[in-house]
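The sequence shown runs 1 to 341 under the UniProt record's numbering.
So the structure is just underneath, and the comments pick up after that.
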Amino acid sequence: MASPFIFIPEQEGSASSAYPMPAYHNAYYGTPQAGPTPFLPPATLYPSSPYLGAGGDIPGSPSGSPNPFNPNSVLWPSDAPESAYGASWVPLTPRQRTNSWQGPLGGGGSPFIPPKAPAFLSAQSAYKPWVPGHKKSKSWGNTAAYVPAWVNNNPNPYAPPIPKQQIHPWLNGDAPSPHFHFDLAPNAFMPLRLSAPVGGPELASAAFHPPRINLRILHPRLPFWPIDLALPASRAAGSAPPISLGDVLLALHRALHTRITPTDWETLSAEDAQAVTHAFARRCRAAALRSGVAAVHLRDREVEERNYGVKRVDFLCGKTVFKGLVKAPGDPEGVVRLITG
């Protein structure tokens, strides 16, 4: 018969007598609250822009350069929200598309876009699709005034007059495009369109027509931080390229991912401070889920994101999806308002 088990304590000073340290260590308070701006991919598709200062390059696009971003892994706003821990959706299987008038044609630019017109003035109208085989129109240089397909040739006399300056359809806050999606919250610069990620040619297209070389963007939640796009003093206006779609989108993303200061925080009311705190926590959690790390490392990844501190984008209180730019009554020339939702 076996003898009963008797516990015999270890001798004092034994290595096994030390109290075990916890397996998880929160590095937030031991990590300096400083560091560089979060990830910005290198530029590969777009030349440097004079409107964005040092480092003002458009990050590489997944459609034209190696990039780990997979557009099929991003839920569109119309999709039902699901938890990343147990999501039922899977990335879509890529499939080949046949040529259609809705998408870009191979072998260069579209045949019905004048060579010198801004790309966004092509705007293939759903009412006037391009049909192969039609007679080629006159070139841009031989026409007095090019009228895009999306402009109504017989406007309603009772409708408001068409503004003198047209804006890129993806930037138009008065009629937001359902085919374009740009969330300002993620660290990575990821403007998307419904069919594919936005590439270099789209980002290089002019943002306004006639072109502009200066712009100021305001937002009611960011009264102390206007976003200015202007030429440096050393650059002659005559040789300046026009402000492009990429200039506007990247300037917004860079400005909103600037970390705030204690003085900025003191300007908030108690109610606003609570709302910004909740937006900060949601953004850090979303960044951890979006990173693709294993579930056991999600907490560490979230703590890492929190170490960067509160950013200006958190002052939008969760309304971080770009909805366009609008002109407010009374604003001077060159000033527009940012709409987010």
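Ideal Cβ placement from N, Cα and C applies to all residues, glycine included.
Give a yes or no on whether the C-beta atoms belonging to residue i and residue j are separated by under 8 Å.
i           : j           : result
residue 259 : residue 326 : no
residue 324 : residue 172 : yes
residue 218 : residue 337 : yes
residue 211 : residue 242 : yes
residue 225 : residue 312 : yes
residue 213 : residue 240 : yes
residue 316 : residue 253 : no
residue 182 : residue 322 : yes
Can you say whether residue i is buried or exposed, counting buried as having 16 or more other CB atoms within 10 angstroms of its CB?
i           : result
residue 186 : buried
residue 206 : buried
residue 333 : exposed
residue 305 : buried
residue 331 : exposed
residue 175 : exposed
residue 296 : exposed
residue 294 : exposed
Restricting to Cα atoms, I'd like to know which of the options is closest to residue i.
i           : options               : result
residue 282 : 191, 320, 208 and 180 : 320
residue 221 : 276, 328 and 280      : 276
residue 215 : 167, 180, 193 and 176 : 167
residue 255 : 209, 170, 208 and 223 : 223
Roughly how many angstroms separate the alpha carbons of residue i and residue j, rounded to a whole number?
i           : j           : result
residue 203 : residue 270 : 40 Å
residue 246 : residue 200 : 8 Å
residue 178 : residue 194 : 8 Å
residue 188 : residue 165 : 31 Å
residue 267 : residue 339 : 22 Å
residue 298 : residue 329 : 46 Å
residue 230 : residue 197 : 27 Å
residue 261 : residue 335 : 26 Å
residue 274 : residue 265 : 11 Å
residue 170 : residue 180 : 6 Å
residue 307 : residue 287 : 12 Å
residue 263 : residue 244 : 33 Å
residue 292 : residue 272 : 31 Å
So, is the C-beta of residue i closer than 8 Å to a C-beta in chain C?
i           : result
residue 320 : Note that chain C does not occur in the displayed structure, where there is just one protein chain.
Once the 5 residues before and after residue i are set aside, which same chain residues still bring their CB inside 7 Å of it?
i           : result
residue 280 : 310 and 314
residue 285 : 302
residue 318 : 279 and 282
Identify, in the order they occur along the chain, each residue of the same chain with its Cβ nearer than 6 Å to the Cβ of residue i, setting aside the five sequence neighbours on each side.
i           : result
residue 228 : 216
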